[in-house]
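**Q** In the working numbering, the protein residues as written are 1 to 123. Built from N, CA and C at the ideal position, the CB exists for glycine as well. Handing you this structure, nothing more for now.
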């Protein structure tokens, strides 16, 4: 049951990521991987909130916790796409774009996770 819960969460997270990335590319173009940045920052915020809520506040069965944290958010966020898109920016000669992607991703994702944990603890 645990593996099935993780798989269902992962499938849902992956589909949500795909839809958001496609929509971001449609709205703002594909010169900069804004869709990946958006899902990673959002996923970092959510994992910050849920790590506190599911591990410290609520008594949640393990299958639900794993489905959300490992499955859903694991499928939703993506380090591999971040890596590939950063390398594509470098290969296209966009050193500034690649550097911006790395710095923005690290700063915003860590900040979002911290913010999520802080907000969850405050309420």
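If you follow the alpha helix (DSSP H) that residue 69 is part of, which residue opens it and which one closes it?
**A** It is not in any alpha helix (DSSP H) - residue 69 carries neither H nor E in the DSSP assignment.
**Q** Use the C-beta contact count for residue 98: other C-beta atoms within 10 angstroms, 16 or more gives buried, fewer gives exposed.
**A** So residue 98 counts as buried.
**Q** Using C-beta distances below 8 Å, list every residue in its chain close to residue 114, excluding the 5 sequence neighbours before and after it, in chain order.
**A** Counting only Cβ-Cβ distances below 8 Å, and skipping sequence neighbours, we find 48.
**Q** Does the Cβ of residue 93 have 16 or more other Cβ atoms within 10 Å, making it buried, or fewer, making it exposed?
**A** With fewer than 16 other Cβ atoms within 10 Å, it is exposed.
**Q** Helix, strand or coil, according to DSSP, for residue 1 in the structure here?
**A** Three-state result, residue 1: coil.
**Q** Look at the alpha carbon of residue 89 and the alpha carbon of residue 11, and state the distance between them as a whole number of angstroms.
**A** Their backbone Cα atoms lie some 28 Å apart in a straight line.
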